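See structure below.
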Amino acid sequence: MKGILKKASAVCAVVACSVSLTAAGSTMVLAAEADETIQAQVVTIAEGLTTTIIPLTDAEIENYLNSGDEFTIQAMESWTGSKEELGEFEELGTAEVKFADNQYTVVVPAEFDEADAEFEYVFDNKGTPETLAVNVQYPLSVSLTRAGLNTLMGMGVVFAVLIFLSFVIYLLKFIPGLLEGKKEEDETEENTPVPVPAPAAPAVQAVSADQELVAVITAAIAAAEGKTSTDGYVVRSIRKINRKKR
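Under mature numbering (1 follows the signal peptide of the UniProt record, and there is no 0), read the sequence shown as residues -23 to -1, 1 to 223, first letter to last.
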């Protein structure tokens, strides 16, 4: 900040001398007189700072950004973010100052070839600058264009959200069918009979016994017909002998 104020010191020297003479000529300064004096001082400082900041080159701005002073860095950042939209400087307007909340606010209007701007400074009650805001005053056509674009963007977002919600609502009608299909599938699985295991094959011994029984029956039939069984079995008739009892 000291570097910027040094460049603006030539403009503020007259005001500083006036303040000193006023203070020396009276041992007691009224609040109204002190307020008016500080108002004149802050207006002169604001105008001097404005005329100093506007013609700064990029290299000079970079140096001020590395100065470490809080007000200087903030002022350079504010000016850097706005100067590309303003164009070439033409002239300053009449500054306005107001006092509120124990602070002085000075607005210095400036005209440029592409857009106008207002340099708004805030000073403490002692006249020390604290902040600077460069407010670009866009032409009515630019403001209307930006307002229209913002409106279109807002409407586009709203329509996109509505389309998305409509799609979600459309998909909701498929949910009952999916749930019903899942329910039927579960019921089908529950009603499916459990397969009964096939009976075990008969043991080999049982098969052999059946074959022997068949062979015996076949041999008996052959004996009755006076033939010999093909399986080698011979059937003889058994007669009962009655023996006398002694």
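Every residue, glycine too, gets a C-beta built ideally from N, C-alpha and C.
Only a predicted model underlies this, so the values are computations on that prediction, with no experimental measurement involved.
- As for any alpha helix (DSSP H) of minimum length 4 sitting wholly inside the segment 14 to 52, the runs are 35 to 42, ordered along the chain.
- With respect to Ala36, Pro106 sits apart: the two C-beta atoms are not nearer than 9 Å.
- In this structure Val83 is buried. Its beta-carbon is surrounded by 16 or more other beta-carbon atoms within 10 angstroms.
- Rounded to whole angstroms, Glu67 and Thr57 show a C-alpha spacing of 18 Å.
- Scanning the segment 53 to 90 for uninterrupted beta strand (DSSP E) segments of 3 residues or longer gives 66 to 69, 73 to 77, 80 to 89, listed from N- to C-terminal end.
- For the 9 Å CB-CB criterion, Tyr98 and Leu33 do not form a contact.
- In the DSSP assignment, Asp101 falls outside any beta strand (DSSP E), carrying neither H nor E.
- A straight-line Cα-Cα distance of about 23 Å links Thr28 and Phe76.
- In the DSSP assignment, the residues bridged to Glu95 are Pro86, Asn112.
- Remark: C-beta atoms of Ala110 and Glu62 do not approach each other more closely than 9 Å.
- In this structure, Val85 lies away from Gln16, with their beta-carbon atoms at least 9 Å apart.
- Closest option to Thr14, judged by alpha-carbon separation, among Lys103, Ala72, Gly45, Gly154: Lys103.
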